[in-house]
Amino acid sequence: MTDDLATLLSLERLQAAGTGPLYVKLRRTLEEAVRTGTLGHGDALPPERDIAEFAAVSRVTVRKAIDELVADGLLVRRHGSGTFVAKPVSRVEQRLSQLTSFTEDMARRGMSSRSEWLHKGIHTPSPDEMMILGLGTDVKVSRLSRLRIADDQPLAIENASVSGEFLPDPSAVTNSLYAELERLQVRPVRAVQRISATNMKEADAQLLGVSVGAAGLSIERISYLGSGRAVEFTRSLYRGDAYDFVAELTIGVT
34 MTDDLATLLS
44 LERLQAAGTG
54 PLYVKLRRTL
64 EEAVRTGTLG
74 HGDALPPERD
84 IAEFAAVSRV
94 TVRKAIDELV
104 ADGLLVRRHG
114 SGTFVAKPVS
124 RVEQRLSQLT
134 SFTEDMARRG
144 MSSRSEWLHK
154 GIHTPSPDEM
164 MILGLGTDVK
174 VSRLSRLRIA
184 DDQPLAIENA
194 SVSGEFLPDP
204 SAVTNSLYAE
214 LERLQVRPVR
224 AVQRISATNM
234 KEADAQLLGV
244 SVGAAGLSIE
254 RISYLGSGRA
264 VEFTRSLYRG
274 DAYDFVAELT
284 IGVT
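So, in structure tokens, the structure goes:
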């Protein structure tokens with residue numbers, strides 16, 4: 034524990050941290066340490082038992098204060114490693130009126146994007162893939178799973194399925210799936226998306242750098258060619274603290 038942090042967490046400092054229960058005072062104190070840089074991005078907090086002992090408060094008090102800061106996105110718990118100061122998040126806004134790729138969205142905002150590939154391969158289609166993509170039993174499906182990153186901030190996990198008829202070699206996709214589909218002259222022209230709220234499971238939370246149980250957006254997209262044929266089926270998981278989806282609504286004519 035640094036001298037600055039030790040000073041902030043002293044019992045005298047906590048008692049002087051405004052009104053309210055001890056856990057509220059401790060939360061304010063830890064938040065101040067993050068805001069002022071006493072605790073920087075990536076820094077590990079001391080173990081809860083050490084904070085409790087040093088500040089002369091119960092571990093329940095420490096746990097409640099840290100829980101609130103985790104919920105606010107200032108701290109993140111990593112299973113088996115401890116609690117760390119989270120990287121400040123820049124929110125990304127995506128309009129739902131245009132069918133664009135993640136790469137195109139980020140480029141339009143002046144942000145650099147990249148992918149960390151989790152899987153590329155050709156598989157026998159699942160029942161869902163067969164039904165949604167209209168595949169026969171003799172047609173394979175190309176699956177691509179990746180972590181989408183913008184300006185070094187992980188934003189989404191994307192799992193895409195494309196008929197092997199349209200994408201026979203998934204390894205040909207480097208950064209943008211849509212760029213490769215355009216090269217093959219099978220880029221989709223419209224899509225239907227379903228968005229629902231979810232909570233992060235442990236494996237996904239670890240990839241996205243958030244706490245287990247943090248809010249996320251689960252998105253299913255089916256993209257179509259001009260002929261009406263489904264070309265892409267994608268399931269994505271976005272960070273709820275970093276992504277906003279915006280739709281423009283107009284008065285309909287009845």
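Following the working numbering from start to finish, the sequence shown increments by one per residue and tops out at 287. Ideal Cβ positions, reconstructed from N, Cα and C, are used throughout, including at glycine. The model shown is predicted, which means the values in this text are computed figures rather than measured ones.
Terminal residues of the beta strand (DSSP E) in which residue i lies
i: E191; result: Q186 to S196
i: R179; result: V174 to A183
i: I155; result: S146 to H156
Best match in the options for proximity to residue i [C-alpha to C-alpha]
i: L151; options: E64, L240 and V279; result: L240
i: V245; options: A236, D76 and I252; result: A236
i: I190; options: S178, A230 and D184; result: S178
i: S159; options: V172, A275 and P54; result: V172
i: I155; options: P54, S251 and V195; result: V195
i: P187; options: F87, V206, F199 and A275; result: A275
i: V219; options: L258, M233, S251 and A238; result: L258
i: S260; options: V222, N232 and E253; result: V222
i: G273; options: N232, V279, T157 and D185; result: N232
i: S209; options: L180, Q226, R227 and D185; result: L180
i: A247; options: E86, A238 and N192; result: A238
i: R68; options: E101, E81 and V118; result: V118
i: H113; options: P80, E101 and D161; result: Correcting the residue identity first, residue 113 is Gly in this sequence and not His. Among P80, E101 and D161, the Cα nearest to that of G113 belongs to P80.
i: N192; options: F87, E162 and D185; result: E162
i: D76; options: Y211, A88, F87 and A66; result: A66
Beta bridge counterpart(s) of residue i as assigned by DSSP
i: I252; result: I228 and S269
i: V109; result: F117
i: A263; result: Y257
i: A77; result: F117
i: R223; result: Y257
Supposed contact pair residue j and residue i - C-beta distance, whole angstroms, cut 8 Å
i: S256; j: A224; result: 4 Å
i: G115; j: L78; result: 7 Å
i: L55; j: V90; result: 5 Å
i: L289; j: S175; result: The question about residue 289 has no answer, for the chain in this structure spans 34 to 287.
i: A183; j: S146; result: 5 Å
i: G242; j: K153; result: Actually they are not in contact, since the Cβ atoms of G242 and K153 sit about 23 Å apart, beyond 8 Å.
i: G249; j: L270; result: 5 Å
i: R227; j: E198; result: Their Cβ separation, rounded to whole angstroms, is 25 Å, which puts R227 and E198 out of contact at 8 Å.
i: E213; j: V206; result: 5 Å
Delimiting residues of the alpha helix (DSSP H) encompassing residue i
i: R60; result: L55 to T69
i: A275; result: Segment: none, A275 is in no alpha helix (DSSP H) and carries neither H nor E.
i: A238; result: E235 to L241
i: A98; result: R92 to A104
i: D202; result: That residue, D202, is in no alpha helix (DSSP H); it is neither H nor E in DSSP.
i: L210; result: L210 to R216
Below-8 Å beta-carbon distance, residue i vs any chain B residue
i: T207; result: Included in the structure is just one protein chain, with no chain B present.
Residue i beta carbon near the ligand NAD (any heavy atom closer than 7 Å)
i: R111; result: As far as ligands go, the structure on display features none, and thus does not contain the ligand NAD.
Stretch pair the stretch 105-121 + the stretch 68-79: three plus CB contacts closer than 8 Å: yes
Count Cβ pairs between the stretch 258-273 and the stretch 148-168 that sit closer than 8 Å; are there 3 or more? yes
Evaluate the contact criterion for the stretch 89-99 versus the stretch 56-70: three or more CB pairs, one atom per stretch, below 8 Å. yes
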